[in-house]
Amino acid sequence: MGMSDEECEATVVAENIPEVPPALSKPAAPAGTPLVHSLVTCSEGCIPRNKFKPCKFSKSTFHSRRYAGEEETPIGAMPECYRLGWRHGLVEEARDVGVNSIVLFSKVPDALKSCTGDEAYNENRLVPRTIRLLKDKYPDLVIYIDVALDPYSSDGHDGIVREDGVIMNDENVHQLCKQAVTQARAGADVARPSDIMDGRIREIRAALDADGFQYVSIASYTAREALVETREDESEGADILLVKPGLPYLDIIRLLRDNSHLPIAAYQVSGEYSMIKADGVLKMIDEERVMMESRMCLRRDGANIIISYFALQAARCLCGEKR
4 MGMSDEECEA
14 TVVAENIPEV
24 PPALSKPAAP
34 AGTPLVHSLV
44 TCSEGCIPRN
54 KFKPCKFSKS
64 TFHSRRYAGE
74 EETPIGAMPE
84 CYRLGWRHGL
94 VEEARDVGVN
104 SIVLFSKVPD
114 ALKSCTGDEA
124 YNENRLVPRT
134 IRLLKDKYPD
144 LVIYIDVALD
154 PYSSDGHDGI
164 VREDGVIMND
174 ENVHQLCKQA
184 VTQARAGADV
194 ARPSDIMDGR
204 IREIRAALDA
214 DGFQYVSIAS
224 YTAREALVET
234 REDESEGADI
244 LLVKPGLPYL
254 DIIRLLRDNS
264 HLPIAAYQVS
274 GEYSMIKADG
284 VLKMIDEERV
294 MMESRMCLRR
304 DGANIIISYF
314 ALQAARCLCG
324 EKR
């Protein structure tokens with residue numbers, strides 16, 4: 004069933020030989036590129052892993068995005084945001100105000116990066132280690148993880164790219180599956196593939212299920228205007244549809260809400276955060292009121308989940324605290 008690893012590799016390379024100039028030799032995959040079988044179509048959709056239900060605007064709506072690194076480093080354009088060491092106590096602070104979901108992003112040293120991003124599924128490195136630490140201390144903490152190769156790629160691309168610039172879709176999906184399973188083994192609750200490779204939701208779902216992680220959910224980054232692609236993600240096993248950025252795509256959030264039964268996550272990105280923070284510092288706006296209104300409009304248009312750098316500040320507002 005399907006092609007062999009050798010046939011797949013030969014086909015991927017042979018069918019994409021650049022036509023100009025004709026004197027060029029056949030482009031090769033980067034050294035270490037995995038051999039994979041071609042993607043197969045899933046015959047049926049998957050049942051959502053988590054029990055989601057409508058919720059009002061509350062602290063449980065907020066998900067805090069955090070960069071994980073080996074040490075604490077301020078992020079210049081984002082006041083009050085840091086790349087945090089894996090032993091940092093911010094999670095406890097978040098839980099104290101009712102925020103019990105976090106999103107982890109990794110910052111790895113350049114020396115650990117490669118053209119195939121193999122560090123992404125190293126079970127002894129930063130992200131799996133951080134997940135295990137957090138789950139040991141807070142078993143009920145909900146951990147979202149980024150499934151992507153760009154933090155681990157030596158060329159900065161979100162995946163494996165052949166010498167002639169062709170993106171190697173199947174090989175990338177193969178790596179993403181290994182990354183998702185590694186992080187699930189560490190204790191991650193939700194995998195968030197952000198690469199937009201064809202078929203990655205289907206294959207990641209199959210890989211998680213095969214390893215016994217049927218309960219681990221998948222939050223799919225939507226292709227925004229591409230509603231057809233969103234429906235494909237649903238049929239392949241996505242449990243959450245994620246829209247990024249949030250405020251500039253309120254119409255897309257509403258479109259998805261009107262056309263899907265899945266929970267919608269809105270990603271309030273760093274630019275939205277910095278814009279409000281900068282105007283607040285200059286006293287051009289009431290930072291707290293604008294921050295809360297920006298979140299309310301995301302909820303009003305249909306977002307069930309809001310991923311944001313404002314999570315703790317917003318939760319404190321709902322608690323009646325001043326930052």
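When you number the sequence shown by the working numbering, it's gap-free, plus one each residue, and the end is 326.
C-beta atoms are modelled at their ideal positions from N, C-alpha and C, and glycine is treated no differently.
Whole runs of the alpha helix (DSSP H) within the segment 166-254, excluding any shorter than 4 residues = 172-189, 203-213, 230-239
When you compare each of Met294, Asn262, Ala210, Arg292 to glutamate 232 by their alpha carbons, which one comes out closest?
-> Asn262
What is the rounded straight-line gap between the Cα of aspartate 161 and the Cα of aspartate 153?
-> 4 Å
Could you pull the start and end residues of the beta strand (DSSP E) that tyrosine 267 belongs to?
-> Residue identity check: residue 267 is isoleucine in the sequence provided, not tyrosine. 267-271 is the extent of the beta strand (DSSP E) around isoleucine 267.
Secondary structure of tyrosine 147, DSSP reduced to three states = strand
Range covered by the alpha helix (DSSP H) that runs through isoleucine 288 = Run containing isoleucine 288: none; DSSP gives neither H nor E here.
Inspect the beta-carbon positions of arginine 203 and leucine 230 and report whether they are closer than 8 Å.
-> no
Spell out the partners DSSP gives valine 102 in its beta bridges.
-> For valine 102, which the question treats as bridged, DSSP gives no partner whatsoever.
Distance between beta carbons of isoleucine 308 and proline 251, contact taken as under 8 Å | Wrong, their Cβ atoms sit about 18 Å apart, outside the cutoff.
Are there 16 or more other CB atoms within 10 angstroms of the CB of alanine 31, so buried, or fewer, so exposed?
-> exposed
Measure the CB-CB distance between valine 192 and serine 220 and report whether it falls below 8 Å.
-> Note on identity: in this sequence residue 192 is aspartate, with valine being the wrong assignment. In contact: aspartate 192 and serine 220 (Cβ atoms closer than 8 Å).
Look at the alpha carbon of glutamate 206 and the alpha carbon of leucine 285, and state the distance between them as a whole number of angstroms.
-> 48 Å
To the nearest whole angstrom, what separates the beta carbons of glycine 190 and isoleucine 134, a pair I think is in contact under 8 Å?
-> 5 Å
Would you report the Cα separation of arginine 257 and aspartate 304, rounded to the nearest angstrom?
-> 5 Å
Pick from Ile148, Leu93, Ser156, Lys140 that is closest to aspartate 113, judged by C-alpha positions | Ser156
Sub-8 Å separation of leucine 315 and glutamate 95 beta-carbons = no
Thinking arginine 208 and tyrosine 141 are a contact (beta carbons under 8 Å), I'd like their distance in whole angstroms, please.
-> Not really, about 26 Å apart at Cβ, beyond 8 Å.
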